[in-house]
Structure formats: C-alpha cells, structure tokens
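Taking it in order: structure first as structure tokens, then the write-up.
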Amino acid sequence: MIVHLDQIPEMGFQVPELGDWAAAAVGLVLEGHAERVDGELLLVAYGDEIRVTGYIAAVVRRPCDRCAVDLVVELEGDVDLHYVPAGSREGEECGALHGSELEIGFYADGAIDLASVVGEYFALGAPARLACDVPGARVADGESCGALKEGVEAKKPVDPRFAALAGLKLDD
Ligand SMILES: [Zn+2]
-14 MIVHLDQIPE MGFQVPELGD WAAAAVGLVL EGHAERVDGE LLLVAYGDEI
36 RVTGYIAAVV RRPCDRCAVD LVVELEGDVD LHYVPAGSRE GEECGALHGS
86 ELEIGFYADG AIDLASVVGE YFALGAPARL ACDVPGARVA DGESCGALKE
136 GVEAKKPVDP RFAALAGLKL DD
C-alpha cells in the first residue's frame, strides 16, 4: 500500500486496514507465513518527515530457528517510526535525530510504502532468533519440542550483569 506525502491530511492519515500486503511483508521478513496481521497505523506528516505510530499484532507460522519444529509465534507491539525523503539528510548534521531512540527510515519519490514500513517494524522489533523459547511462541501441533524441554532446565540463566556481581566478594 503506497501513500503519497500529499495524500496525508493535516490531521493524519489513518491506514484503513492491514490487509494482504501487510501479511505478505511480515511473511517475507520473518521467513514464514503470516496467518494474521492487524493493528492500527496513523501517518502524520511534519514537513517532509512522515511519522508512523500505532500498534501491530501478527501471528506467524514458521519453523523454529533452533529445532525446526513448526511454530506459531504471536508478536505485537507499539509502532513509532520516522521516515524522511531518501537522500534528504545526506551530509546534514541532524543532531536532533542522533542520540535519540528514534528509528529513521527513508522513502522515495514522495511516497511511503506501508508494506516496507510493516516489514521494517518486524525486522527491527522481532527477536533475532525466532525459536520455541521466545515469548509468544507455541508449537503448532501441540507436540512437545525437544529443545524446549532442554530449555526449561537451562531456563532463567543468570543475567550476565548479575553473574559478574555474584563473583564479587565484598570485603567488610
Ligand atoms: Zn525449537
């Protein structure tokens, strides 16, 4: 779904629905089949900068990255992405953008492709490894997953930051 900058009214453009184009984008990025993608996205233009806010929820079916069992993974979260025209910020000192948590993307030819926005959101926000131990993942056929069982034993590894503390001996 393509939205041109001049199609965005002052009050913002509410994306009517995340349809097949969104499911296709999510499936591509997460290397699986998106069974459902929904959410609400609002586009607001500030000059030539387009801010995309809202939330997205997706249900993706794909093999576990660790044990290859068929997984159904539910992912959702808030969206806050910013897009500027491609090439427009080259060589520019954009101090306001640096040092912030903002994710900046680019759009070309005066139009933003929402499929890329949705894809980018999951590319940035999904766990790097979609395995059976990530939150929101379950084994599709309900059978147990070997790696998951092993994972239970090894569950709750000591946070490396705390492990360092645990090694400390306090002298009093
Ligand atoms: Zn697994």
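Residue numbers (my numbering): -14 to 157. C-beta: ideal position from N, C-alpha, C; glycine also.
| What are the uninterrupted segments assigned as beta strand (DSSP E) that are 3 or more residues long and contained completely in the stretch 25 to 80, given in chain order? | 34 to 48 and 55 to 70
| Backbone CA spacing between residue -6 and residue 45 [nearest angstrom] | 33 angstroms
| query | Tell me, which residues are paired with residue -1 by DSSP? | reply | 27
| query | Helix or strand or just coil, what does DSSP make of residue 22? | reply | strand
| With a Cβ-Cβ cutoff of 8 angstroms, do residue 111 and residue 60 count as a contact? | yes
| query | Taking the alpha-carbon positions, what's the residue 28 to residue 120 distance? | reply | 29 angstroms
| request: Measure how close the beta-carbons of residue 158 and residue 69 come, nearest whole angstrom, since I'm counting them as under 8 angstroms. | output: The structure shown has nothing for residue 158, since the chain only spans -14 to 157.
| Is residue 16 helix, strand or coil by DSSP? | coil
| field | alpha helix (DSSP H) segment containing residue 103, residue limits | value | 99 to 110
| query | Helix, strand or coil: how does DSSP classify residue 113 here? | reply | coil
| field | Collapsed DSSP secondary structure at residue 125 in the structure displayed | value | coil
| message | The beta strand (DSSP E) that contains residue 89, what's its start and end? | response | 88 to 92
| Run through DSSP, which three-state label would residue -12 get? | strand
| message | Tell me whether residue 51, by its Cβ, gets closer than 7 angstroms to a heavy atom of ligand 1. | response | yes
| Proximity winner among 93, 124, 48 and 12, relative to residue 108 (alpha-carbon distances) | 12
| said: Please report the distance separating the alpha-carbon of residue 72 from that of residue 125. | reply: 44 angstroms
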